[in-house]
Amino acid sequence: MLIVGEENNKKLVPLKKVVVNACVVDMIAEVNITQIYENLEKDKIEAIYEFIVSDTAAVCGFEATIDDKRKVIGIVKEVEQAKNEYKEAINVFVAL
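Residue numbers for the sequence shown follow my numbering, beginning at -14 and rising by one.
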């Protein structure tokens, strides 16, 4: 996970813990990964989460829990579509 700062400077958010649960049947695996990050910054941050997978793998879901209070459920989209929607959302937010 990366913190996006001024002028698109990026730095890593510390990864505290990883838990992997996997079920393998023949040549197919279903893998659930839990990653726990800790924001050490004083202020709120804008963060980008990237999880790179092989072109033979598929992502079927994403959930993020923030401060044990807020849950964000992701929708899997093609990369270009997701980037365009993200940029549009940021522009709307900045315009407020």
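C-beta atoms are modelled at their ideal positions from N, C-alpha and C, and glycine is treated no differently.
| query | Counting pairs of Cβ atoms below 8 angstroms between the region 16 to 28 and the region -4 to 3, do you hit three or more? | reply | They touch, by the three-pair rule.
| said: Taking the alpha carbon of D28 as the reference point, which residue from E35, V79, V(-11) and A80 has its own alpha carbon closest? | reply: The option with the nearest alpha carbon to D28 is V(-11).
| request: With DSSP collapsed to three states, give me the class of F47. | output: For F47, the secondary structure class from DSSP, reduced to helix, strand or coil, is strand.
| task | List the whole-angstrom C-beta distance separating I88 from L(-13), where the pair is believed to meet the contact cut-off of C-beta under 8 angstroms. | result | As shown, the chain starts at -14 and ends at 81. That puts residue 88 outside it, with no answer to give.
| request: Please work out which residues of its chain come closer than 6 angstroms, Cβ to Cβ, to A14, disregarding the five sequence neighbours upstream and downstream, and give them in chain order. | output: Around A14, the same chain offers A7 as residues with beta carbons nearer than 6 angstroms, after the five sequence neighbours per side are excluded.
| said: Report the CB separation of V101 from A49 in whole angstroms; it is logged as a contact under 8 angstroms. | reply: Any answer about residue 101 is impossible in this case: the structure gives the chain only from -14 up to 81.
| Cα separation between I30 and V9? | Each residue's alpha carbon lies about 37 angstroms from the other.
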